[in-house]
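Residue numbers for the sequence shown follow numbering that gives the first Met the number 0, beginning at 0 and rising by one.
The C-beta atom is built at its ideal place from N, Cα and C for all residues, glycine as well.
So the structure is just underneath, and the comments pick up after that.
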Amino acid sequence: MSGSSRLERRYRALLRVLPGWYRAEREEEMVGLFLADRDDELDLEHSWPGWGEAGATAVLALRVRLGARRPAGGLVRLVGMTGLLAQLVMVGQVWAAVARSGVPPQAWWADVPVVVAFAALVAGHRAVGRAAGAVTGVLAVLPWAHAVLSGAPWWFTAVFALPVWVTAAAVVAGFHAEAPRPGPRWWAAAVAGVAAGAVVSLVGAVAVWLSWLTFLWAWVVAAALVAVLRPWRAAPRPAAPDPA
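Structure follows, in structure tokens:
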């Protein structure tokens, strides 16, 4: 290191975002690729890693840490799927209330990306699932932003939006191209969750229109179904990568 250039030291500092075991195997190779064709003395002493290189390294670090066989990756994917499942329970609640009252929800279209994200991930279409999951997070920003701009109590909206944002982030980060496909037991969890939400809504045991009780019920049902079915145990091995 004593004879290395400042640019090389900066690249090595950038690579510290990667796990130690990965750096031990690949650091020298990566530094060599970064420095290829950069032999100008001024460049070597005064340049910094580019934004594209920094971004690509950060994405690689996230993907490695959330790999198919890494505990952190399994946990993040479980959070993402459980969050989508809870939102499906709420979909069942809302549409059962619509069937009972005949009054359509104001933003029914917001349910579509939730269904698409869940179905796509379980079907093995990770790129589609990630895109739809990201849309759910973006849509949750809209009512929060409206509350902020209108002077309404934004924290109340944030309580409902935060789990959606966490779910969206977990889906986008966890289901990269090398991630394993969620197990088929998630289909059973989805059917049971939607049915539970619909039944409770139809019998009037839970107020549906964005009440605290409705929100809590959806997450409790999702957590219970995951605890009972343990769908991660039926997850198949990683398939061939599709476009991320």
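Beta-carbon proximity of residue i to residue j, cut-off 7 angstroms
i: W143; j: A160; result: yes
i: R62; j: H145; result: no
i: P48; j: Y10; result: yes
i: V147; j: W154; result: no
i: L77; j: V193; result: no
i: A95; j: L201; result: yes
Whole-angstrom distance between residue j and residue i, CA atom to CA atom
i: T166; j: G150; result: 27 angstroms
i: G196; j: V121; result: 21 angstroms
i: H45; j: T56; result: 21 angstroms
i: D42; j: A23; result: 26 angstroms
i: A53; j: G128; result: 26 angstroms
i: L83; j: L215; result: 14 angstroms
i: A168; j: R68; result: 19 angstroms
i: L6; j: A12; result: 10 angstroms
i: A35; j: E28; result: 11 angstroms
i: V199; j: A226; result: 20 angstroms
i: G73; j: L65; result: 7 angstroms
i: A139; j: V30; result: 41 angstroms
i: G79; j: V158; result: 18 angstroms
i: G51; j: A221; result: 39 angstroms
Contact belief for residue i with residue j at Cβ below 8 angstroms, rounded distance in angstroms
i: A191; j: L224; result: 6 angstroms
i: A217; j: A85; result: 5 angstroms
i: W164; j: G136; result: 5 angstroms
Residue i CB to nearest heavy atom of the ligand FMN below 6 angstroms
i: R15; result: Absence of the ligand FMN from the depicted structure is noted, as is the absence of any ligand whatsoever, leaving it without description.
Touch test, the region 131–142 against the region 105–118, Cβ-Cβ under 8 angstroms, three pairs minimum: Proximity of the region 131–142 to the region 105–118 meets the contact definition, three or more beta-carbon pairs being nearer than 8 angstroms.
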